[in-house]
Amino acid sequence: KAGVTQTPRYLIKTRGQQVTLSCSPISGHRSVSWYQQTPGQGLQFLFEYFSETQRNKGNFPGRFSGRQFSNSRSEMNVSTLELGDSALYLCASSLVGAPNTGELFFGEGSRLTVL
Amino acid sequence: AQKVTQAQTEISVVEKEDVTLDCVYETRDTTYYLFWYKQPPSGELVFLIRRNSFDEQNEISGRYSWNFQKSTSSFNFTITASQVVDSAVYFCALRSSNTGNQFYFGTGTSLTVIP
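Respectively, the protein sequence lines represent chains A and B.
Okay, so the first sequence: first residue is 2 according to this note's numbering, each after it adds one.
Okay, so the second sequence: first residue is 943 according to this note's numbering, each after it adds one.
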């Protein structure tokens, strides 16, 4: 069974640009969550999507947005990049409903560097 | 409010030593779930264990064991006879029944096992 796939794995952008990250969940998983990981803040919840709807959102500015497609694949976008957006962006999928084992399954992340 | 504290930032042990990683959590909810994840250098968080708030049984899986104590709001993780492959960052996380699928992560403990 294929795991969570994130693309691209690494990318470099400059301030003011925008970036789109992609995530393909495990087959059958309908919930996709995004987390930002930085050395200073640890893992911070960005948002969660289920059935193409955002169900929950963390405390991030509106520059951070996402969406989910009918095949459960998800994208997140960051506009007007700032230096502080440099981070590892992790996508996680999970089963929702019965049987819901509750754990998140993570991809390897997209490492964004903003110069 | 939900919070997870991992007071140990970095730990170094010599191979074959036992090591315990501490995790203290805060929640006002009566139904919640606790998790441990391992993050090797590749970046992907690997699920290790999940515990429900109403199940205080300790668990052992090979060299890994977990001690869940609601009285002290702790969910500690012990590795017996550590190996170099255990070197990674370990995260404790909390999910509450009232916060949907949002996970709250501790800041992680970086474990180095010295051969």
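Note that CB positions come from ideal geometry on N, CA and C, so glycine has one too.
As the structure is a prediction and not an experimental result, all values here were calculated from the model.
Check your understanding: What separation, rounded to the nearest whole angstrom, lies between the Cα atoms of V1027/B and P1057/B?
Key -> 10 angstroms
Exercise for review: Tell me, please, whether the CB atom of Y975/B is closer than 7 angstroms to any CB atom in chain E?
Suggested key: Note that chain E does not occur in the displayed structure, where the protein chains are A and B.
Review point. In three-state DSSP terms, what is T8/A?
Key: strand
Exercise for review: Express the C-alpha separation of A1023/B and W35/A in angstroms, rounding to a whole number.
Suggested key: 35 angstroms
Point to revise | At least 3 beta-carbon pairs within less than 8 angstroms: the region 82-98 of chain A vs the region 36-47 of chain A | key: yes
Review point. Cβ of S71/A within 7 angstroms of Cβ of H30/A?
Key: no
Check your understanding: chain B beta carbons: is any one of them nearer than 7 angstroms to that of L113/A?
Key -> no
Check your understanding: If you measure from the beta carbon of N1040/B to each beta carbon in chain A, is any gap under 7 angstroms?
Key -> no
Practice item. Starting from the beta carbon of E49/A, find every residue of chain B whose beta carbon is closer than 9 angstroms, and list them in chain order. Key: G1042, N1043, Q1044
Review point. What whole-angstrom Cβ distance do F46/A and Q981/B have, given they're in contact under 8 angstroms?
Key: Between Q981/B and F46/A the Cβ distance is about 16 angstroms, and since that is not below 8 angstroms, they are no contact.
Review point. Do we get a CB-CB distance below 7 angstroms when we pair L12/A with the residues of chain B?
Key: no
Practice item. Using a cut-off of 9 angstroms between C-beta atoms, extract the partners of T972/B located in chain A. Key: Chain A residues near T972/B: none, gap ~16 angstroms exceeds 9 angstroms.
Review point. When burial is assigned at 16 or more other CB atoms within 10 Å of the CB, is T951/B buried or exposed?
Key: exposed
Review point. Over what stretch of residues does the beta strand (DSSP E) that includes G43/A continue unbroken?
Key: 43-51
Practice item. Name, going along the chain, the residues of the region 40-74 of chain A whose beta-carbon falls closer than 7 angstroms to a beta-carbon of chain B. Key: G43, L44, F46, E49, R56, N57
Check your understanding: If you compare alpha carbons, which of L22/A, G41/A, G4/A, E49/A is closest to V97/A?
Key -> E49/A
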